[in-house]
Amino acid sequence: MSEKSRPDAVQAEMRGRLGIITLDRPKALNALNLDIVEKLEEVLAGWATNPAVDAVVIRSASPRAFCAGGDVRSIGMLPDPSDRRALGRKFFGREYKLNLRIHTLPKPFIALINGVAMGGGLGLSVHGSHRVVSEDLRMAMPETMLGLFPDVGGTWFLNRCPGMLGRYLAMTGLEIGAADALTARLATHHVPKAGFNGLVSALEAAGPLDRHLIDEIIEAHAAVPAAGQLAERLAAIDHLFAGEDLDLVMDGIASAAGEAEWIAQAQSALRRASPTSLRLTWRRMTNGRDQSIEQVLADDFHSAVRVVGEHDFAEGVRAILIDKDGAPRWNPPELASVTKDDIDALLAPLDD
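Letter by letter, the sequence shown follows residues 596 to 947 of the working numbering.
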């Protein structure tokens with residue numbers, strides 16, 4: 596993308612029977628550009644068939660972030676929609692191939708997730724067998740705030756959250772911490788960040804690794820996280836986000852906003868989001884409930900390439916990532932003006 600990665604932005608090494616990937620692009624919070632995505636795919640493709648590698652660990656060298664997502668700023672800042680689509684086709688095609696690689700890896704894949712983990716950062720982690728989060732986790736799929744939609748297989752993994760929780764996270768883009776990531780089934784374990792290095796050392800020293808032994812080692816390092824909030828809200832989230840009609844759901848949330856601060860926060864987030872992104876995300880989440888991961892990622896590709904050429908994506912990137920004024924001018928500006936035909940066009944397969 597626009598900023599070339601340092602040669603060591605992805606460090607890959609073998610220790611014992613363990614393949615270890617370390618992300619080290621700290622100034623960008625490990626945002627994924629094309630160089631990084633291609634390097635990760637190359638490393639994982641080799642390790643997938645290497646009999647000397649029993650399991651893979653991915654971690655961050657930054658104390659602030661695991662991965663802040665894809666480097667969509669480099670796409671969104673291009674003024675010509677056709678240029679954005681061309682770069683999007685190249686980047687998203689590679690990124691989603693990497694997501695599928697992780698999802699289908701025939702070996703345990705252990706993501707050590709600290710700090711910021713958003714968007715493409717979930718694509719690097721949630722598709723793996725073991726998702727270990729730390730106490731400073733800030734996890735989200737905030738794409739509706741950028742005029743995009745939860746991609747990187749989000750329709751697949753968010754639909755596997757309990758009840759309507761995935762819809763809530765997909766539509767609002769709100770952050771969650773460690774305990775709530777466990778509640779959402781996006782994480783499998785909580786290990787304090789200070790214990791990450793010890794966990795890696797224990798895995799390295801264990802000799803031949805299988806899933807059962809890996810589970811035992813991680814659980815020996817795990818701790819109960821500070822209390823979250825989602826578990827006690829699941830029934831209310833199920834009630835508020837159930838149904839097939841987005842307009843009725845939005846009306847229900849507006850009516851309930853005075854009942855609890857967290858509902859008011861959800862309503863506020865929905866009001867800030869791109870109306871087009873909300874309708875697209877709702878359709879993707881509703882229609883994709885029974886899709887395979889391959890189908891989800893194929894649809895992600897078609898829609899992402901189309902969406903990055905639209906006004907709302909460029910405007911969302913400008914308002915959130917470039918000018919950072921937090922005041923995107925969406926077009927259309929309200930949900931009622933986004934038609935079924937508008938969304939059908941964004942869901943249509945690409946010509947080639």
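Backbone N, C-alpha and C define an ideal beta-carbon position, used for all residues, glycine too.
Subject >> Status (buried if at least 16 other CB within 10 Å, exposed otherwise) for D746 >> reply: Buried.
Original post:
In whole angstroms, what is the alpha-carbon distance linking V795 and G847?
Top reply: Spanning the two alpha carbons is a distance of roughly 47 angstroms.
Subject >> First through last residue of the beta strand (DSSP E) which encompasses R610 >> reply: Secondary structure note for R610: its beta strand (DSSP E) is the uninterrupted segment V605 to R610.
Subject >> Residue environment, P944, which counts as buried when at least 16 other CB atoms sit within 10 Å >> reply: Exposed is the call here.
Subject >> Nearest-angstrom beta carbon gap, M880 and A765 [assumed within contact, 8 angstroms] >> reply: At roughly 6 angstroms, the Cβ-Cβ gap stays under 8 angstroms, so A765 and M880 are in contact.
Subject >> Element boundaries [beta strand (DSSP E), containing I705] >> reply: Start and end: F704 to I708.
Subject >> Check whether G790 and H807 have beta carbons under 8 angstroms apart >> reply: Cβ distance not < 8 angstroms, so G790 and H807 don't count as in contact.
Original post:
Is the beta carbon of L741 sitting closer than 8 angstroms to the one on I888?
Top reply: With respect to the 8 angstroms criterion, L741 and I888 are not classified as neighbours on the basis of their beta carbons.
Subject >> Straight-line Cα distance separating D833 from L941 >> reply: Take the alpha-carbon of L941 and the one of D833: they are about 28 angstroms apart.
Original post:
What is the DSSP secondary structure of S655, counted as helix, strand or coil?
Top reply: S655 falls in the strand class under three-state DSSP.
Original post:
Taking the DSSP output, what are the residues bridged to G614?
Top reply: Looking at the DSSP output, G614 shares a beta bridge with M609 and V651.
Original post:
Residues in its own chain within less than 6 angstroms of V711 by CB, not counting five upstream and five downstream?
Top reply: Non-local C-beta neighbours of V711 in its own chain, meaning closer than 6 angstroms and more than five positions away in sequence, comprise L624, A660, A663 and R733, ordered along the chain.
Subject >> Sheet register partners of G665 (DSSP bridge) >> reply: According to DSSP, which records beta bridges pairwise, G665 is partnered with L627.
Original post:
Smallest Cα separation from G665: which of G911, A826, G714 and F908?
Top reply: When each option's Cα is compared against that of G665, the closest is G714.
**OP:** Could you name the residues of the same chain whose beta carbon sits closer than 6 angstroms to that of V891, not counting the 5 residues immediately before and after it, in chain order?
**Re:** For V891, where only same-chain residues beyond five positions count, the Cβ hits under 6 angstroms are G748, T750, W751 and G883.
**OP:** Apply the 10 Å Cβ neighbour rule to L843 and answer buried if 16 or more other Cβ atoms are within range, or exposed otherwise.
**Re:** Around the C-beta of L843, fewer than 16 other C-beta atoms lie within 10 Å, and the residue is accordingly described as exposed.
**OP:** Entirely within the segment 763 to 842 and at least 4 residues each: give me those alpha helix (DSSP H) ranges in chain order.
**Re:** Fully enclosed alpha helix (DSSP H) runs of 4 or longer: 773 to 778, 791 to 800, 806 to 816 and 829 to 836.
**OP:** Alpha carbon to alpha carbon, how far is S669 from M596? Give it in angstroms, no decimals.
**Re:** Any answer about M596 is weak, because its pLDDT of 36 lies below 50 and its placement is not dependable; what the coordinates show is given next. C-alpha separation (whole angstroms): 6 angstroms.
Subject >> Backbone CA spacing between A681 and L629 [nearest angstrom] >> reply: If I take the Cα positions, the gap works out to 13 angstroms.
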